[in-house]
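*Asks:*
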Amino acid sequence: MRRLLVGVVALAVLVPGGCGIPDRSEVTVIGDGRSAGVSVEDEAPPPIQYKREAATNPRELVQYYLQAAAGDPQTALERVKAFLAPEEAADFTNTDVRVVREAESILGGYSPTDSVVTITEQQVGNLTSNGELVPAAPTPDSTYKIKVGTVEGRSGLWILDAPQVMLLTADALSAFYQRRAIYFWNKDNTSLVPDLRYMPRSVPAVQQPTKILQWLAAGPSDWLRDSVQALPQGTDVADNIPAVTDETLQINLTAQTIPAGSDAGAMDRLRRQVQWSIYPVVPRTLEIKIGRQDPVSFKDGEYRESNLAYFLDDSPERFVVFGGAVRRLKETPRAEEPVPVLKEAANKGITTAALSSSTTHEFAAVVTGSGSGQRLRVAAAPIGQQADLKEVKLQGALGQPVWAQTGGTGAAGAVGLITAGGHLYSFGADGGVAQRVEWQGDPGTVTAISVAPDGRRVALVSGGRLYRTVLNSSADGVAMSGPQQVLPPNLKSVTAVAWSSQSYLAVAGVRADNNRVSVIDVTVDGALSATRLADIGAEPVSYLTAYPENPITGTETSDSEAYVAGGEAWDVFSQPNPITKANLAGPAVNAPATVKPTAPLYLN
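Position 489 of the sequence shown, counting from 1, maps to 506 under our numbering, and the rest follow consecutively.
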């Protein structure tokens, strides 16, 4: 759900003396001057990055070589060339870092006496100098033969022949980089949109704010570029940012960062963008100096509400559809309260539903009937109240509705999305006629869709493939950016998707190695993954839902996921756990044994 959080949220404050953050910022203009800083401690030291001299056999040398590009992008080529024989190094000039995922073990068929190590890899994407992972276009697995041997007059093993590109394994990406989110304002200035980046662990913590501000100045990732606001051209970090000292972080930016004539809210939006981007560094005072202007100091500045994901609760309200009605589940918040928005008389004949909440309103979308009798009905009401459902005029077989929070206020603060006949449509909470969503590069029939907590980024499934795109809403309607395919590992087809956090997707699909169904968590760029359920049988997952993790918790993936397979609902724990009638809250309902809970959902 997205109600205002009650109580105190613990922050990971990395400076001496934590502080509470009030609703308003104390803004003062201060004079010039800086004091010496102290380093902010990193969470963990970087792993050992072995050099060529440490390898005792060809396999080890190749393993270390596939890690060499990790770290400072300015010196990546130098580290890679240190593994190459001098003649090979002289001709190696490609500065691209290609991230690859092992398709076959490097140990397969290998003998310590072999002078050629063969590796088979799936291309994941290119890692840019700004920490962006740009997904690769789908291609067959690539086989590389790396020749290893000795060099006359020099000690140890050397790489004598290798592909003319810097290769970095996904395992090395996970080990040698931190996953960080930087933020850009949406086009409406109503909320921040996260942008996943990779920070080398070799960058000292005290230098990371400078690196992050440089990333912000360089602009958003390509797939977000047309849907969020980049900082003005010419924005840059004027000086390296010193360590937090006296609970103050001082930042100097070029004059172009806030051009003359900018609106009165530009500085406040900038500091909120910076505060979220440098999190979990939480200085009590943020001092920003633009060009030659006097610095502006924000003391105890509230910023968290600028990110819609902040309003996600620690424990979500949970529901299922049972016997045609939306029912709450036991042992979840407000289990004995009425279902949000829906009046009791209207809570019937439902096959699927979506519930969502802003800071002021709750939203409901329900699909009723079957076949040609399917109908979509919607409503919005102030939190804690109910409203009459209104029909949305729409034809075709209806899929699962979802809500996208826009950061706006009132009943207009959310946009609904649903598939009808395999096409994507948008609708409002006031009913009326659904509108076809326009986009470039339409991937075809859409079978699943999920919207991130920021209300802009979208994941969808079409033709068994996973895509990411961005929603843009205007007076002319809703449009999507061109979909970009994401390649989750070891899945030959994808059937369902849900946002697990700001940076991770929960994905269900059929495995390529054994045709069994699994559920995994994968980064939104497809680079990194973790298996939730390795084998849940042969029945495809028809629907997957998750309650995204609040970024304040520091947890990367949700612990609240559920799915439907074969018409039955299951929770995603260490093993699949069936959702049964015994889990229903409220009075018992007499129903045949064949009637089971389905279509699990959260108020999010």
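Beta carbons are placed, not taken as given, at the ideal position from N, Cα and C, and that holds for glycine.
Please read all numbers here as calculations on a predicted model, not as lab measurements.
On the criterion of 16 or more Cβ atoms from any shown chain inside 10 Å, does phenylalanine 100 qualify as buried, or is it exposed?
*Replies:* Stepping through the sequence shown from its first residue, residue 100 is reached at position 83. Phenylalanine 100 comes out buried.
*Asks:* What does DSSP give as the partner residue(s) for tryptophan 516 in the beta ladder?
*Replies:* Counting from one through the sequence shown, the residue named residue 516 turns up at place 499. Answer by DSSP bridge pairing, in chain order: Leu522.
*Asks:* The alpha helix (DSSP H) that contains glutamate 77, what's its start and end?
*Replies:* Against the sequence shown, residue 77 aligns to sequence position 60. From DSSP, the alpha helix (DSSP H) with glutamate 77 extends over 75-82.
*Asks:* So the candidates are Lys164, Tyr81, Gly308, Val261; which of them puts its Cα closest to the Cα of threonine 302?
*Replies:* In the sequence shown, counting from the first residue as 1, residue 302 sits at position 285. Cα-wise, what sits closest to threonine 302 is Val261.
*Asks:* Roughly how far, in whole angstroms, is the beta-carbon of tryptophan 420 from the beta-carbon of alanine 469, given that I think they are within contact range, below 8 angstroms?
*Replies:* Here the question's residue 420 lines up with position 403 in the sequence shown. Here the question's residue 469 lines up with position 452 in the sequence shown. Going by Cβ atoms, the distance from tryptophan 420 to alanine 469 rounds to 12 angstroms, so no, they are not a contact pair.
*Asks:* Given this structure, state the Cα-to-Cα distance separating threonine 436 from serine 373, to the nearest angstrom.
*Replies:* Along the sequence shown, read from residue 1 onward, the residue named residue 436 stands at position 419. Along the sequence shown, read from residue 1 onward, the residue named residue 373 stands at position 356. Threonine 436 and serine 373: Cα-Cα distance of roughly 18 angstroms.
*Asks:* Since I believe alanine 525 is in contact with threonine 512 (beta carbons under 8 angstroms), could you give me their beta-carbon distance rounded to a whole number of angstroms?
*Replies:* In the sequence shown, counting from the first residue as 1, residue 512 sits at position 495. In the sequence shown, counting from the first residue as 1, residue 525 sits at position 508. At roughly 6 angstroms, the Cβ-Cβ gap stays under 8 angstroms, so threonine 512 and alanine 525 are in contact.
*Asks:* To the nearest angstrom, how far is it from the Cα of valine 10 to the Cα of valine 117?
*Replies:* Past the edges of the chain, shown from 18 to 621, lies residue 10, and the structure says nothing about it.
*Asks:* By the three-class DSSP mapping on this structure, what secondary structure does alanine 153 have?
*Replies:* Here residue 153 is taken as the residue at index 136 of the sequence shown, counted from 1. Of the three classes helix, strand and coil, the one that applies to alanine 153 here is coil, per DSSP.
*Asks:* Going by DSSP, name the residue or residues bridged to proline 211.
*Replies:* As a working mapping, residue 211 is identified with position 194 in the sequence shown. Answer is Tyr200, bridged to proline 211.
*Asks:* Sort Pro249, Glu322, Ile305 by Cα distance to leucine 209 and report the nearest one.
*Replies:* Numbered from its first residue, the sequence shown carries residue 209 at position 192. Closest option to leucine 209, Cα to Cα, is Glu322.
*Asks:* Please look up how many angstroms separate the CB atoms of alanine 326 and asparagine 567, rounded, as I've assumed it's under 8 angstroms.
*Replies:* Mapped onto the sequence shown, residue 326 falls at position 309. Mapped onto the sequence shown, residue 567 falls at position 550. Sure, about 6 angstroms apart at Cβ, within 8 angstroms.
*Asks:* To the nearest angstrom, report how far apart glutamate 379 and leucine 434 are at their CA atoms.
*Replies:* Mapped onto the sequence shown, residue 379 falls at position 362. Mapped onto the sequence shown, residue 434 falls at position 417. About 16 angstroms.
*Asks:* Does the segment 281-300 touch the segment 228-242, meaning 3 or more C-beta pairs lie closer than 8 angstroms?
*Replies:* Yes: the two stretches touch, three or more of their Cβ pairs being nearer than 8 angstroms.
*Asks:* Quick test of the definition: if touching needs 3 or more C-beta pairs under 8 angstroms, does the segment 161-179 touch the segment 196-212?
*Replies:* Not touching, per the Cβ criterion.
*Asks:* Given a cut-off of 7 angstroms on the beta-carbon distance, is the pair threonine 207 and isoleucine 258 in contact?
*Replies:* Taking the first residue of the sequence shown as position 1, residue 207 is located at position 190. Taking the first residue of the sequence shown as position 1, residue 258 is located at position 241. Cβ atoms of threonine 207 and isoleucine 258: not closer than 7 angstroms.
*Asks:* Following the continuous beta strand (DSSP E) through glutamine 267, name the residue where it begins and the one where it ends.
*Replies:* The residue labelled residue 267 in the question sits at position 250 within the sequence shown. That run of the beta strand (DSSP E) goes 265-270.
*Asks:* Under the rule that 16 or more other beta-carbon atoms within 10 Å means buried, what is alanine 53, buried or exposed?
*Replies:* Counting from one through the sequence shown, the residue named residue 53 turns up at place 36. Because alanine 53 sits at a pLDDT of 29, beneath the cut-off of 50, its placement in the model cannot be relied upon, and the point is left open.
*Asks:* Any contact between the segment 600-607 and the segment 359-372? By contact I mean 3 or more CB pairs, one from each, below 8 angstroms.
*Replies:* Cβ pair count under 8 angstroms is below three, so no.
*Asks:* In chain order, what residues of the same chain have a beta carbon less than 8 angstroms from the beta carbon of valine 46, not counting five sequence neighbours either side?
*Replies:* As a position in the sequence shown, residue 46 is number 29, starting the count at 1. With a pLDDT of only 38 at valine 46, under 50, the local geometry of the prediction cannot be trusted, and no value is derived from it.
*Asks:* Could you tell me the alpha carbon to alpha carbon distance between serine 146 and proline 595, rounded to whole angstroms?
*Replies:* Walking along the sequence shown from the start, residue 146 turns up at place 129. Walking along the sequence shown from the start, residue 595 turns up at place 578. Cα to Cα, the separation comes out at about 46 angstroms.
*Asks:* Excluding the five sequence neighbours on either side, which residues of its own chain have a C-beta within less than 8 angstroms of the C-beta of threonine 615, listed in chain order?
*Replies:* Position 598 of the sequence shown holds residue 615. Cβ within range, chain order: Val337, Val338, Phe339, Val581, Gly584, Glu585, Ala586.
*Asks:* Could you check the C-alpha separation between leucine 62 and glutamine 225 for me, to the nearest Å?
*Replies:* For this step, residue 62 is matched to residue 45 along the sequence shown. For this step, residue 225 is matched to residue 208 along the sequence shown. Position check: residue 62 holds proline in this sequence, whereas leucine was assumed. For proline 62 and glutamine 225, the distance between alpha carbons rounds to 14 angstroms.
*Asks:* According to DSSP, which residues form a beta bridge with valine 527?
*Replies:* Working through the sequence shown from its first residue, we reach residue 527 at position 510. Per DSSP, Ser510, Val534.
*Asks:* Does glycine 142 come out as helix, strand or coil in the three-state DSSP assignment?
*Replies:* Position 125 of the sequence shown, counting from 1, holds the residue named residue 142. Looking at glycine 142 - three-state DSSP - the assignment turns out to be strand.
*Asks:* Quick one: residues in its chain with C-beta nearer than 6 angstroms to the C-beta of glycine 480, no 5 flanking neighbours on either side, listed in chain order?
*Replies:* Working through the sequence shown from its first residue, we reach residue 480 at position 463. Within the same chain, glycine 480 has close Cβ partners Gly461.
*Asks:* Output the distance between the C-alpha atoms of arginine 473 and leucine 522, rounded to the nearest integer angstrom.
*Replies:* As a position in the sequence shown, residue 473 is number 456, starting the count at 1. As a position in the sequence shown, residue 522 is number 505, starting the count at 1. Each residue's alpha carbon lies about 15 angstroms from the other.
*Asks:* Mind checking who lysine 407 pairs with in its DSSP beta bridge?
*Replies:* For this step, residue 407 is matched to residue 390 along the sequence shown. Answer is Val395, bridged to lysine 407.
*Asks:* With a cut-off of 8 angstroms on the beta carbons, I'd call tyrosine 200 and methionine 216 a contact; round off their distance for me.
*Replies:* To locate residue 200, count along the sequence shown from 1; it is residue 183. To locate residue 216, count along the sequence shown from 1; it is residue 199. That pair is no contact at about 15 angstroms.
*Asks:* Taking Cβ to Cβ, would you say methionine 409 is nearer than 7 angstroms to glycine 448?
*Replies:* The residue labelled residue 409 in the question sits at position 392 within the sequence shown. The residue labelled residue 448 in the question sits at position 431 within the sequence shown. Looking at the sequence provided, one finds valine at residue 409 rather than methionine. Going by C-beta atoms, valine 409 is nearer than 7 angstroms to glycine 448.
*Asks:* Less than 7 angstroms between the beta carbons of alanine 547 and leucine 150, yes or no?
*Replies:* On the sequence shown, position 530 is the one that residue 547 refers to. On the sequence shown, position 133 is the one that residue 150 refers to. No.
*Asks:* Can you find the residues in the same chain that come closer than 6 angstroms, C-beta to C-beta, to threonine 274, ignoring five residues on each side of it along the sequence?
*Replies:* As a position in the sequence shown, residue 274 is number 257, starting the count at 1. Within the same chain, threonine 274 has close Cβ partners Thr252, Ile307.
*Asks:* Please return the same chain residues whose Cβ sits closer than 8 angstroms to the Cβ of leucine 601, not counting the five positions on each side in sequence.
*Replies:* Position 584 of the sequence shown, counted from the start, is the residue given in the question as residue 601. The answer, listed in chain order, is Val337, Phe339, Arg344, Arg345, Leu346, Lys347, Pro614.
*Asks:* What does a CB cutoff of less than 7 angstroms around glutamine 412 pick up in its chain, not counting 5 residues either side in sequence?
*Replies:* On the sequence shown, position 395 is the one that residue 412 refers to. For glutamine 412, where only same-chain residues beyond five positions count, the Cβ hits under 7 angstroms are Ala437.
*Asks:* Let's test the definition: count the other Cβ atoms within 10 Å of the Cβ of isoleucine 176 and tell me whether it reaches 16, buried, or not, exposed.
*Replies:* Sequence index remark: in the sequence shown, residue 176 carries index 159 (1-based). It is buried - the Cβ of isoleucine 176 has at least 16 other Cβ atoms within 10 Å.
*Asks:* Give me the residue from Leu144, Ala106, Arg549, Thr112 with the minimum Cα distance to proline 593.
*Replies:* As a first step, residue 593 is located in the sequence shown; it is residue number 576 there, counting from the start. If we check each option's Cα against that of proline 593, Arg549 comes out closest.
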